[in-house]
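The structure under discussion appears below in the form of structure tokens.
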Amino acid sequence: MLLGVLRRQTASMRRLGLLLAALLLSAPTYSNPVIDGDHPDPSVVRVGAVFLASVTTSAWAPVFPLYRSRDLVNWRPIGSVLPVPPAWTNGKFWAPELAHEPGRYLAYWGAARRDGPPCIALSTAARPQGPWRYRGRVTCPPSGAIDAAPFRDVDGGRWLLWKQMGPGNGIRIQRLGRGGLRVRGPSVALVRPDTPWEQGVTEAPSLVWIGGRYLLFYAGGHCCRVPCSYGEGVAQAVSLLGPYVKDPANPILASGEDWACPGHGTVVGSGAGGLFLLHHAYRATDAQDLRRRVLLDPVGFGPDGWPVIGAGGISVSTADSPLGQPQQPAAGGFSDGFDSGLEPGWEWLFDARPDLSVVGGGLDERCTGALSFVARQVAGDRVAATTTVEPPMGDAAVGLAVNLGRGVRGVELRHGRVRSFVASPSGARTGRSVAVPARRRVQLTVTLAPGGHLATYVGDGVGGQRRVDAGPAASGAVPTRVALTCRGRGTARFLFARAHVG
Numbered sequence: 029m030l031l032g033v034l035r036r037q038t039a040s041m042r043r044l045g046l047l048l049a050a051l052l053l054s055a056p057t058y059s060n061p062v063i064d065g066d067h068p069d070p071s072v073v074r075v076g077a078v079f080l081a082s083v084t085t086s087a088w089a090p091v092f093p094l095y096r097s098r099d100l101v102n103w104r105p106i107g108s109v110l111p112v113p114p115a116w117t118n119g120k121f122w123a124p125e126l127a128h129e130p131g132r133y134l135a136y137w138g139a140a141r142r143d144g145p146p147c148i149a150l151s152t153a154a155r156p157q158g159p160w161r162y163r164g165r166v167t168c169p170p171s172g173a174i175d176a177a178p179f180r181d182v183d184g185g186r187w188l189l190w191k192q193m194g195p196g197n198g199i200r201i202q203r204l205g206r207g208g209l210r211v212r213g214p215s216v217a218l219v220r221p222d223t224p225w226e227q228g229v230t231e232a233p234s235l236v237w238i239g240g241r242y243l244l245f246y247a248g249g250h251c252c253r254v255p256c257s258y259g260e261g262v263a264q265a266v267s268l269l270g271p272y273v274k275d276p277a278n279p280i281l282a283s284g285e286d287w288a289c290p291g292h293g294t295v296v297g298s299g300a301g302g303l304f305l306l307h308h309a310y311r312a313t314d315a316q317d318l319r320r321r322v323l324l325d326p327v328g329f330g331p332d333g334w335p336v337i338g339a340g341g342i343s344v345s346t347a348d349s350p351l352g353q354p355q356q357p358a359a360g361g362f363s364d365g366f367d368s369g370l371e372p373g374w375e376w377l378f379d380a381r382p383d384l385s386v387v388g389g390g391l392d393e394r395c396t397g398a399l400s401f402v403a404r405q406v407a408g409d410r411v412a413a414t415t416t417v418e419p420p421m422g423d424a425a426v427g428l429a430v431n432l433g434r435g436v437r438g439v440e441l442r443h444g445r446v447r448s449f450v451a452s453p454s455g456a457r458t459g460r461s462v463a464v465p466a467r468r469r470v471q472l473t474v475t476l477a478p479g480g481h482l483a484t485y486v487g488d489g490v491g492g493q494r495r496v497d498a499g500p501a502a503s504g505a506v507p508t509r510v511a512l513t514c515r516g517r518g519t520a521r522f523l524f525a526r527a528h529v530g
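First residue of the sequence shown? That's 29 in the working numbering, and the numbers climb one at a time after it.
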């Protein structure tokens with residue numbers, strides 16, 4: 029009898045072990061990137077059970093888009109920090125860094141100015157969805173400053189770390205005054221580039237207090253020129269103002285087989301899931317370094333006490349989900365029927381906001397002569413994009429294009445004819461045109477192949493898709509966006525727009 033009981037207990041334990049093993053094998057995972065597209069310099073802050081992130085937009089608006097997540101692997105856009113840039117900026121916006129304190133959210137950000145070197149400024153809001161209020165410039169040192177990182181010390185003191193512009197300069201720290209609106213007192217140098225891998229650059233600070241010491245994560249090398257050489261390093265100190273000692277193993281995050289030039293991020297605690305670095309990197313196959321995608325890497329500690337990022341210093345491609353939530357499939361493009369306002373994700377040049385309105389299930393774009401466009405990012409080099417348009421009113425030309433610097437190249441409809449075109453603020457060139465039925469909506473299509481080759485098509489609902497000579501639009505720099513365009517004077521109306529990547 030006892031033998032039978034033992035056998036039944038053993039069988040039950042075996043089944044329980046198999047069940048636990050199955051659960052472990054099916055634990056939710058995530059894959060990088062967690063935010064796809066070109067989104068450099070990500071920042072993240074945890075507020076309770078919610079994470080908020082923002083990224084660099086350079087010359088695109090809305091400036092500094094905001095994303096929300098409950099698990100660090102599924103993100104959705106919720107607004108932007110700077111819908112209308114202040115007049116002193118000149119179109120180069122960098123590295124927003126988010127913070128939270130009771131009753132308000134803060135975003136410190138850098139921007140080039142029209143009459144001098146870059147400054148760090150501040151915007152605040154009662155809710156992350158906004159409205160955000162521009163609070164002025166926090167610091168404008170003579171050499172210039174970017175890459176702000178606010179830090180609350182263990183004694184409650186408020187500080188701001190920032191990168192001092194100029195060759196050989198590094199990361200400095202300075203007290204923040206009342207409300208965090210301005211720096212006060214002298215700044216102190218914490219680290220500067222003095223090792224070969226840094227190549228004269230130390231930037232993008234992220235400071236944490238853990239285990240009785242200050243850990244200063246920073247980026248070094250070149251982020252944005254081909255070939256890039258970026259990586260992530262760390263230094264530690266027992267006093268806030270240093271001296272800081274760099275890890276002899278730096279860079280502790282470097283290029284690998286899948287991801288190249290990782291770095292410039294924020295270290296964030298996920299609670300039970302541990303520490304993570306949200307940062308950017310290029311795909312190793314991105315030969316032109318076009319898109320810095322947002323990656324999430326775990327941060328652990330080695331036997332020597334120094335931090336270890338990713339899988340032994342290389343960004344992970346797939347890992348266990350930090351908070352046990354499955355990652356939803358990436359969209360791989362976009363689709364917008366313009367049913368109830370302009371969806372988050374549409375962009376325009378910071379100083380060329382188009383005159384847009386969503387009315388009656390369509391997007392109206394008012395043209396005033398010069399090129400006007402609104403765009404969406406696409407996260408790959410093989411794209412098929414389509415829009416359905418009404419015949420434009422007045423002398424307007426309505427089009428579908430890809431971005432080309434401050435201009436575009438694509439296909440447009442005007443006066444009952446469809447043609448390829450290349451347009452910029454300085455002028456336009458067009459290809460041979462084909463006739464389409466008057467007063468009938470048409471479908472404009474562009475396909476993009478790796479290397480930037482563009483093909484253009486039109487469909488009128490009668491004879492299917494027809495090839496339109498791509499002419500001057502056939503080749504150009506590899507784009508990162510699909511645009512809805514308007515030229516001339518009048519109104520363009522878009523009924524639907526979508527893009528598929530892959």
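Each residue gets a CB set at the ideal place from its N, CA and C atoms; glycine is no exception. Note that the structure is predicted; figures quoted are calculated from it, not measured.
C-alpha distance - residue i paired with residue j, whole-angstrom precision
i       : j       : result
Ala-149 : Arg-442 : 44 angstroms
Ala-173 : Thr-415 : 42 angstroms
Ser-215 : Gln-202 : 4 angstroms
Tyr-133 : Ala-424 : 43 angstroms
Ala-247 : Val-446 : 49 angstroms
Val-406 : Arg-469 : 25 angstroms
Arg-404 : Thr-513 : 12 angstroms
Leu-391 : Val-486 : 19 angstroms
Ile-337 : Ser-349 : 15 angstroms
Arg-460 : Ser-385 : 31 angstroms
Arg-163 : Gly-297 : 28 angstroms
Gly-291 : Pro-500 : 38 angstroms
Ser-368 : Gln-264 : 50 angstroms
Phe-378 : Leu-94  : 17 angstroms
Val-474 : Ala-429 : 7 angstroms
Pro-279 : Ser-59  : 23 angstroms
Gly-352 : Phe-304 : 14 angstroms
Pro-111 : Val-91  : 6 angstroms
Arg-253 : Asp-488 : 44 angstroms
Pro-145 : Pro-170 : 7 angstroms
Arg-437 : Phe-401 : 11 angstroms
Thr-484 : Pro-326 : 44 angstroms
Arg-220 : Tyr-272 : 10 angstroms
Leu-476 : Gly-504 : 11 angstroms
Those residues which DSSP pairs with residue i across a bridge
i       : result
Asn-278 : None, per the DSSP bridge assignment.
Asp-325 : Leu-305
Gly-403 : Position check: residue 403 holds Ala in this sequence, whereas Gly was assumed. Answer is Glu-375, Ala-511, bridged to Ala-403.
Gln-192 : Ala-173
Arg-437 : Val-430, Val-450
Cys-395 : Gly-518
Pro-178 : Leu-188
Gln-471 : Thr-416, Gly-487
Asp-423 : DSSP, once it has assigned bridges, lists no residue as partnering Asp-423.
Val-75  : Val-78
Residue i, buried or exposed, once every other Cβ within 10 Å from all chains shown has been counted against 16
i       : result
Trp-237 : exposed
Thr-313 : exposed
Asp-66  : buried
Phe-449 : buried
Phe-522 : buried
Pro-156 : buried
Phe-138 : A small fix is needed here, since residue 138 is Gly in this sequence, not Phe. Buried, because 16 or more other Cβ atoms sit within 10 Å of the Cβ of Gly-138.
Asp-383 : exposed
Val-182 : exposed
Thr-346 : exposed
Leu-269 : exposed
Beta strand (DSSP E) segment containing residue i, residue limits
i       : result
Val-236 : 230–238
Thr-57  : 57–59
Ser-215 : 211–219
Arg-203 : 199–204
Tyr-272 : It is not in any beta strand (DSSP E) - Tyr-272 carries neither H nor E in the DSSP assignment.
Glu-285 : That residue, Glu-285, is in no beta strand (DSSP E); it is neither H nor E in DSSP.
Ile-148 : 144–153
Thr-416 : 411–417
Arg-495 : 493–496
Gly-361 : 361–364
Tyr-258 : First-last for Tyr-258: undefined, no H or E at that position.
Thr-577 : Residue numbering for the chain in the displayed model covers 29 to 530; residue 577 lies beyond these limits and cannot be assessed.
Asp-383 : 383–387
Arg-457 : 455–463
Leu-268 : Taken as a continuous stretch (DSSP letters only), Leu-268 belongs to no beta strand (DSSP E), as it is neither H nor E.
Practice problem: Could I get the ranges of all uninterrupted beta strand (DSSP E) runs contained in the region 89–136, with 3 residues as the minimum, in chain order? | Solution: Listed in chain order, they are 91–97, 104–110, 117–129.
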